[in-house]
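Notes to accompany the following structure.
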Amino acid sequence: MLIETIKILDMMILWFFIILSSVYIVLLLASIREIFLGYNIVQLSNSIDFMNTRQLPPVTVIIPAYNEEEGIVDTVLSVLSSQDYDDISIIIVNDGSTDRTLNKLTEAFDLYFSYVASADILPVRGKIISSYRSRFHIKMTVIDKENGQKSDALNVGVNVCRTPLLITLDADTLLESNAISTLVFEMLSKSNTVAVGGAVYVLNGCTYDSGKILEYKMSRQIVPALQTCEYLRSFLYGRVGWNIFGGTLCYAGAFTLFNHQTIVDVGGFDYKNVAQDFEIITHIQAYIHEHKLPYSVSYTAAAIAWTVVPSTLSSFWHQRVNWQRGSLQSLMLHKKMLFNPKYGMVGMFTYPFFLFGEILGAVVEFTAYFLVFLSWYFGILDARWVLLLFILCWGFVTCITIATTMISLFTFNKYKSKNDIAWVLLLCFIEEFGFRQYYVVCRTYASIKYLINSLGNIFVSKSQN
Amino acid sequence: MNFHYEFVIFIIKIEFLIVFSIVILTIGMKFIYLIEYKYALKYKRSLEMYLTRLLHKKEQYNLQDLPYDAKQLSILIPVFLKFEKECKNAHWKLIRNDLINISIIPLARIAALRSDVPSKVLAAEGFCFIKNKTELDEELILKLVSDTTPFVYLNGIRAALAYGSKQTIDALILRYAQEPWLAQSSNLKIFNSRQPEIHNIVIQILSQSKDPKIRAACYNILIHFPAEKISYNSLIDCISKDLNLRLSALKFISYVDREQAIQILTQELQDSHWIVRLTAIDKLSDLQAFESVPEIETLLNDSEWWVRLRAAKALRSFGVENELMLKAINIDPDTVKMERSALNYAWW
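From first to last, the protein sequence lines are chains A and B. Following the working numbering, the residues of the first sequence are numbered contiguously, the last one being 462. Following the working numbering, the residues of the second sequence are numbered contiguously, the last one being 373.
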């Protein structure tokens, strides 16, 4: 009986990965056209020249910062160096930092105390302590507040923001000089677009100074370098491919453009969710469909930001556990979207894929590894099944990674040196032996922890009733 | 079971083949784009050489002689704009008019009917140079202004302004009314130094429309024309129930009629809404209305700190110094309250 069950599960898992890989292929095909269209417009057609900057909407960049003394000044300088876009305001929200974040900002930008009016539209938790403006840059505002987590800091920024568009930017992220104009261009060249995600690359290993990246280089440390492959896969094809299906459920919180009014309409960023970037986009998607609004979300691989990623396994673990838990929390909050035709393609295709493919896929893979062990233990290990599984899990993903690396080489390629290109291609293989399994365990652990917490909360609330 | 595995292996082979094909396709697409780019540059150069030759030899523009491959808006417009910017040659004025009438406008008409965004944007760009007005062109411009893509209607607005008929200005104002963010002052600068008949059309629309959003948009536009040429009584809108209309009317009246503005703004200092009080202080300060100092001083006791602060700053600009004013200007940060919608005070 047990053996039969194992064999049935083996087949189910195999078919799960076949379906998953088929979806990845569809996304890859869909992404090709979008990537080259973006590349063509930005690099070859030079449509940015047609943007009459007098007519463009002003943009506010909101930078929430908690203990970011290392990189905050560079981040702000990179925003200020966006020379092809005139009307940019910056709001930095110091979210109760215990290091010298505020001091660094004061020294670098000659801040002085100034009153800043703030709307009471989004509820905030951390009280505002003080506010400052810069003598160097008239449109820079710094808000010092009590710690309330990143979402709370973003909500404060939204309350103070007075422009129709706002960009959320992490405090350890540098922008390319045309990143903001490319994001805005993507929004303005499509009807009723309320959010546009940008591409994020790995900053670790690059040389930069005063907010400008001087040399694009892959990190020689293994942990950040492996994440480069993952970011390339995710940002150069994963999100782009979803454009034709109504947009993805997740953009990089490190760098996304939003319509201000839409953020206000959905109630701002959720402070209860650590993956607030996932939650806000999912919430916007749900809101759009529930209110039957002709809005959409979009993504462009041409708007590029560079962010610092965890450089040790433990910090990587911590980050990904939070992401997995946050994503699950958000998906469960909006579970009414699942296979619900009211939510269009997002409900029928995108949401189920994220739930079963992206989030639970790690659990399925972990189960597969466990079944391999179990099969070996019971002496029923089918070598063919194991081989097919590894081809589907590892081989296919390696193939996709190589494909996206090649796409990257021929489009927005930032890594010019042959060593870096060789390093990326080598990492595509190395990733599958050890790092991937570590990541699977991490996500499975996070999913189980979330499940236990949820069941615990249900049990507690029932016993209270 | 064997069949099952055979089938799975077949699927896997197909998938790997597809991925491999995608890589080949990628390489192919890059080459296609590079070739397109190379030819686009070549066409631009040949057009530049042609126009330079015309200027140098003072020849007339002849459509037949235009390099064949340059007969595209995406080539013509950038080159045209380059010559517009750099060329002060008197002969250029003759060539440009012919270029516009014979090539740019006809191509813009075709491009305006296409569905893709770049074509429509180029069409709008082309219509910005229009001189000879026709009904067909008006229709196409109206279509561009009412497009749902921001990039298209932004450029459509410029074309509508260049065309300058009542219908196009009407459509343009409707757009401003529908998209509040367009009413931001830097966007409205496209109205600076426009022909006087445009402001007459705006005043006409203002007189006929009862929609508060359209009326507010008209006021916001009119303050970009020379004040001495504008004559319109906005008193009734200065007491409108619609807040945005009231604010726009107050700004307008401050611009065109100083005496009447001071009278009304002084009354508005006691308005129940803080944003009206704030606007009144700002405008009285801009007008240097010393006669309103006693009324502004009463706002040093206003319930809202930002109104007290603004009143204090206005009084300081008038050279007034007193204890109450100093107290208002040195407000304890703990009293900062986020109770009001500052978004109402934003530019939209």
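Heads up, the beta-carbon is just placed ideally off N, CA and C, and yes, glycines get one too. The structure displayed is predicted, hence computed values, not measured ones.
> Contact check, L180 (chain A) vs T297 (chain A) under 8 Å by CB: the rounded distance?
Replying inline: 7 Å
>> For the pair the region 263 to 281 of chain B and the region 230 to 243 of chain B, tell me if three or more CB-CB distances fall below 8 Å.
In response: yes
>> Could you give the first and the last residue of the continuous alpha helix (DSSP H) run that contains G194 (chain A)?
In response: No alpha helix (DSSP H) holds G194 (chain A); the beta strand (DSSP E) holding it covers 190 to 199.
> What residues of chain B sit near L185 (chain A), judged by a beta carbon separation below 8 Å?
Replying inline: T174, P175, F176, L179
>> Does the CB of I130 (chain B) have a neighbour CB from chain E at under 8 Å?
In response: Of the protein chains in this structure, namely A and B, none is chain E.
> In three-state terms, what does DSSP make of S273 (chain B)?
Replying inline: helix
> Interface residues of chain A around I43 (chain B) at Cβ under 9 Å?
Replying inline: I22, L25, L26
>> Tell me the DSSP secondary structure of N410 (chain A) in three-state form.
In response: coil
> Is the distance from the Cβ of A65 (chain B) to the Cβ of I100 (chain B) below 8 Å?
Replying inline: yes
> Assuming A286 (chain B) and K308 (chain B) make a contact with CB atoms under 8 Å, what is their CB distance in whole Å?
Replying inline: 7 Å
> Secondary structure at A187 (chain B), three-state DSSP: helix, strand or coil?
Replying inline: helix
> Does the beta-carbon distance from C226 (chain A) to E428 (chain A) come in below 8 Å?
Replying inline: yes
>> Nearest by alpha-carbon distance to R78 (chain B): which of B:L50, B:E109, B:W117, B:M54 is it?
In response: B:W117
> Under 8 Å between C-beta atoms, does I285 (chain A) make it to chain B?
Replying inline: no
>> A187 (chain B) and F152 (chain B) - do their beta-carbons sit closer together than 8 Å?
In response: yes
>> Quick check on the DSSP output: the beta strand (DSSP E) that includes E212 (chain A) runs from which residue to which?
In response: 209 to 212
> Under 8 Å, do I89 (chain A) and A176 (chain A) count as touching if we go by C-beta distance?
Replying inline: no
> Among B:Q203, B:L303, B:F32, B:I34, which has the Cα closest to the Cα of K276 (chain B)?
Replying inline: B:L303
> Do you know how far the Cα of N270 (chain A) is from the Cα of L6 (chain A)?
Replying inline: 33 Å
> Excluding sequence positions up to five away, which residues of its chain have a Cβ less than 8 Å from the Cβ of T364 (chain A)?
Replying inline: L6, I10
> Nearest-angstrom Cα distance between K145 (chain B) and I85 (chain A)?
Replying inline: 27 Å
> Which residue from B:I223, B:D123, B:T159, B:E73 puts its Cα closest to that of R183 (chain B)?
Replying inline: B:I223
>> Residues of chain B with CB closer than 9 Å to the CB of F393 (chain A), please, in chain order.
In response: I37, E40, F41, V44
> Name the chain B residues whose beta carbon is nearer than 8 Å to that of M403 (chain A)?
Replying inline: V48, T51, I52
> Closer than 7 Å: is that where the CB of L11 (chain A) sits relative to any heavy atom of the ligand MN?
Replying inline: Questions concerning the ligand MN fall outside what the structure shown contains, since it holds no ligand whatsoever.
> If you drop the 5 nearest sequence neighbours on each side, which residues of the same chain put their C-beta closer than 7 Å to that of Y325 (chain A)?
Replying inline: The sequence shown places Leu at residue 325 (chain A), rather than the Tyr named in the question. These residues qualify, in order along the chain: I356, S444, Y447.
>> As a quick exercise: from A:L171, A:V220, A:L25, pick the residue whose alpha carbon is nearest that of S468 (chain A).
In response: With chain A represented from -2 up to 462, any question about residue 468 (chain A) goes unanswered, as that position is not in the structure.
> Can you list the residues of chain B that N189 (chain A) reaches, using a CB-CB cut of under 8 Å?
Replying inline: T173
> Which one of A:T402, A:D83, A:A196, A:Y109 has the shortest CA to CA distance from V44 (chain B)?
Replying inline: A:T402
>> Please classify C101 (chain A) as buried or exposed, where buried requires at least 16 other C-beta atoms within 10 Å of its C-beta.
In response: According to the sequence as given, residue 101 (chain A) is Lys; it is not Cys. Under this definition K101 (chain A) is a buried residue.
> How is P54 (chain A) classed by DSSP in three states: helix, strand or coil?
Replying inline: coil
> Taking just the CA atoms, how far does Y257 (chain B) sit from K158 (chain B)?
Replying inline: 29 Å
>> Rounded to the nearest angstrom, what separates E61 (chain B) and P61 (chain A) at their Cα positions?
In response: 43 Å
> With DSSP run on the structure shown, which of helix, strand or coil describes M137 (chain A)?
Replying inline: strand
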